[in-house]
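Okay, structure first, notes after.
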Amino acid sequence: AQSVTQLDSQVPVFEEAPVELRCNYSSSVSVYLFWYVQYPNQGLQLLLKYLSGSTLVESINGFEAEFNKSQTSFHLRKPSVHISDTAEYFCAAISSGSARQLTFGSGTQLTVLP
Amino acid sequence: ETGVTQSPTHLIKTRGQQVTLRCSSQSGHNTVSWYQQALGQGPQFIFQYYREEENGRGNFPPRFSGLQFPNYSSELNVNALELDDSALYLCASSLVPGGSYEQYFGPGTRLTVT
């Protein structure tokens, strides 16, 4: 069975500071990994994904995540956060060969302070 | 390109009642997945529909059922509502095969069971 663990439920950080949101997965087969963002009272938006190839993937708004197979991690980072980055962030995984069902972590609330 | 839409946005039901939630998939997508997101938690996979057939199911009882129509829209039905069914219900559409494993989420339906 596949599982996704987000190690921090809440991460407060000051504006323009760097941030890392941690995600670990466990799977006996190859996985595809995703980060989704959820703003209050909204659905989920895909932030970035890792399917294959380069282990470092980037989003259009400055976030990046690195797939680390040996540590089974897919941590999300941003070198300088903005107030508008305040949201809930979910790490998710799909096992290859499955019905493409996403398994989500419990989420990390990122709060950017002025 | 039309995104994923869900209706209604909110509804309140009484324990024991039945509810139907609706989802229109993104243009060009043929697969619909449903997720339940309880307050403060990550989304949990309920089931997925592909070519009008259930194609994978999570750990939910049979009183959770669904349909997919020829135009790829979908319904989620829940019978004998329980208080614990109170949650945000998210619909996601995708293209199978191909589609880079991305799932596009709607804004969700907030169900409150009293």
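Residue numbers (this note's numbering), protein chains in the order written: chain Z, 51 to 164; chain U, 2 to 115. Note that beta-carbon positions come from the ideal geometry of N, C-alpha and C, so glycine has one too. Predicted model only: the values in this text are computed from it and were never measured.
### Message
What would DSSP say about Ser123 of chain Z, mapped onto helix, strand or coil?
### Response
strand
### Task
Would you give the residue range spanned by the beta strand (DSSP E) that Ser75 of chain U belongs to?
Ser75 to Val79
### Task
Name, going along the chain, the residues of the region 95-111 of chain U whose beta-carbon falls closer than 9 Å to a beta-carbon of chain Z.
Ser95, Val97, Gly100, Ser101, Tyr102, Glu103, Gln104, Tyr105, Phe106, Gly107, Pro108, Gly109 and Arg111
### Task
Keeping to the same chain, check which residues put their C-beta closer than 8 Å to that of Arg64 of chain U; ignore five residues upstream and five downstream.
Val79, Asn80 and Ala81
### Query
Which residues share a DSSP beta bridge with Glu103 of chain U?
None, per the DSSP bridge assignment.
### Task
Report yes or no: is there a C-beta of chain Z within less than 8 Å of the C-beta of Gln42 of chain U?
yes
### Query
Between the C-alpha atoms of Cys73 of chain Z and Phe154 of chain Z, what's the straight-line distance to the nearest angstrom?
10 Å
### Task
Identify whether Ile110 of chain Z lies in helix, strand or coil by the three-state DSSP scheme.
coil
### Continuous beta strand (DSSP E) stretch holding Tyr100 of chain Z: start and end
Leu94 to Tyr100
### Task
Measure the C-alpha to C-alpha separation of Ala143 of chain Z and Gly67 of chain U and round it to an integer number of angstroms.
23 Å
### Task
Say whether chain Z places a C-beta atom closer than 8 Å to the C-beta of Phe65 of chain U.
no
### Query
So, are the CB atoms of Ser123 of chain Z and Pro68 of chain Z less than 8 Å apart?
no
### Query
At least one CB of chain Z closer than 8 Å to the CB of Phe61 of chain U: is that the case?
no
### Query
For Ser76 of chain Z, which option in Z:Cys141, Z:Leu163, Z:Pro164 and Z:Leu160 has the closest C-alpha, if you only look at C-alpha atoms?
Z:Cys141
### Query
Cβ atoms of Leu71 of chain Z and Thr158 of chain Z: under 8 Å apart, would you say?
yes
### Query
Got a sec: which bits of the region 93-104 of chain Z sit with their beta carbon under 9 Å from any beta carbon on chain U, in order along the chain?
Gly93, Leu94, Gln95, Leu96, Lys99 and Leu101
### Query
With C-beta atoms as the reference, is Glu108 of chain Z less than 8 Å away from Leu98 of chain Z?
yes
### Message
Within the continuous beta strand (DSSP E) that includes Asn56 of chain U, where are the two ends?
### Response
Glu54 to Arg58
#### Entry: Boundaries (first-last residue) of the beta strand (DSSP E) holding Asn74 of chain Z
Cys73 to Ser76
#### Entry: Residues sharing a beta bridge with His11 of chain U, DSSP
U:Arg111
### Query
Assuming Ile133 of chain Z and Pro164 of chain Z make a contact with CB atoms under 8 Å, what is their CB distance in whole Å?
7 Å
#### Entry: Ala39 of chain U classed as buried or exposed, judged by whether at least 16 other C-beta atoms fall within 10 angstroms
exposed
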